[in-house]
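Count the sequence shown with our numbering and you get residues 34 to 171, in order.
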Amino acid sequence: MIARPGRFVICGVPNSGKSTYVRERARPGDLVWDLDHVASVIGYGGSWTPGRRLSWPVAKAALVMRDALVEWLASVETLGDARVYLIITDPQVAKDCAEIIGAQVVDLSGRNGALRADASGSSSWRWRDAQRHEGAVI
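Written out as structure tokens, the structure is:
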């Protein structure tokens, strides 16, 4: 895929500053994808908070939506002045998505002393269960 300016995939372990990084850079009209925010909206009444395990249907639905967005971005040459920010915890998935849409990867794993994995030893643990179902890409 050809690199497309203004497209970024932000990755890093939980609490590494991914959302803050995007919030400090995004402008009105930019396209921002954050699985945590999507899950809070499509989950029961928006009651989900980061750090809690998601139900499989909510996690799966969020992943399907993200995959559809990545597919659409791969087919679109330009978005005018809008920049794209995808927030993805897992560095390998971030790299794969960036390659598909022609984005630059910004890895915040070492930012602010963040650990490379959470206390259980597994990064992106909230999305792992969904990956087992129907070949979801996380």
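Think of the CB as a built atom: it goes at the ideal place given N, C-alpha and C, for glycine as much as any other residue.
Please read these numbers as outputs of a predicted model, since none were measured by experiment.
In this structure, the beta-carbon distance from residue 55 to residue 120 falls below 8 Å. Annotation: residue 63 to residue 109 spans about 15 Å, alpha carbon to alpha carbon. Inside the region 61-125, DSSP marks whole alpha helix (DSSP H) runs of 4 or more residues at positions 68-75 and 89-108, from first to last along the chain. Excluding sequence positions up to five before and after residue 105, its CB lies less than 8 Å from no other CB in the same chain. Across the set 111, 107, 97 and 114, the C-alpha of 107 shows the shortest separation from the C-alpha of residue 130. Non-local C-beta neighbours of residue 59 in its own chain, meaning closer than 8 Å and more than five positions away in sequence, comprise 65, 116 and 118, ordered along the chain. For residue 51, the closest of 113, 69, 74 and 39 by C-alpha to C-alpha distance is 69.
Around the beta-carbon of residue 126, 16 or more other beta-carbon atoms lie within 10 Å, marking it buried. The alpha-carbon separation between residue 74 and residue 97 amounts to approximately 15 Å. When secondary structure is reduced to three states using DSSP, residue 55 falls in the helix class. Burial check for residue 113: the Cβ neighbour count within 10 Å stays below 16, so the residue is exposed. The Cβ atoms of residue 72 and residue 101 do not sit closer than 8 Å to each other. Proximity to residue 91 across 76, 111 and 99 peaks at 76, based on C-alpha coordinates.
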